[in-house]
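Read the structure below first, then the notes.
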Amino acid sequence: MATKRMTPGFSDQVIGLVKALRNDAPECVASGVVDMATGMLLAYETVDNHPPEVLDLLAGATLDLFQGRTVVMIEDVFKERRGITGDNHFFQEILVNSDNLTHLFVRMTEQQDVVAVVVCRKAVNVGMLFAQTRRVVKEYGL
């Protein structure tokens, strides 16, 4: 069965999502989309130039955050205890604060292995960041 990633127009949707996140998320300095099934950064926009190896590491770090060995073990324990047999993941959004930036990682609704990433200045209103990012992600519904 073909996945949505293989359908025509998927790359246009990803590019549109990245642009919308970059424009609509408050204090946004970068946005991107990571495909955790392939480990690739599918698209990104940033206000700064970053070395390619840093961008490559973003996909790996996203994979570790959502599907690292320990995270999968935690999800499996919760699924077992709650009698859940589906493939959906418990961790849907992860917020990471660094010294100067706030990073929001949001798993897509339809494609659980696709994650939108938004990087904002630390001064961002986190509530607005979540609200705007969720709105855009829902709109694109990948």
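Going left to right, the sequence shown walks through residues 1 to 142 as my numbering numbers them. Virtual Cβ for every residue (Gly too), placed ideally from N, Cα, C. Given the structure is predicted, the values throughout are model-derived calculations rather than measurements.
The beta carbon of N100 sits closer than 6 angstroms to the beta carbons of K122 from its chain, once the five residues preceding and following it are set aside; these are given in chain order.
With respect to the C-alpha of Q67, the residue from G83, T46, G39 having the closest C-alpha is G39. Distance check between A20 and each of V118, N125, G9, D76 places V118 closest, using alpha-carbon atoms only. A direct Cα-Cα distance of roughly 14 angstroms separates L55 from M36.
In this structure Q112 is in contact with N88, their Cβ atoms being roughly 6 angstroms apart against a cut-off of 8 angstroms.
Under the three-state reduction of DSSP output, L142 falls in the coil class, being neither helix nor strand. Going by DSSP, N23 is part of the alpha helix (DSSP H) stretching over 10 to 24.
Going by beta carbons, F105 and T62 fall inside the 8 angstroms limit. Nearest Cα to E45 within the set T70, E53, G16: G16. Going by DSSP, D35 is part of the beta strand (DSSP E) stretching over 28 to 35. Here DSSP, grouped into helix, strand and coil, assigns V47 to coil. In the displayed model, A123 falls within coil according to three-state DSSP, outside both helix and strand.
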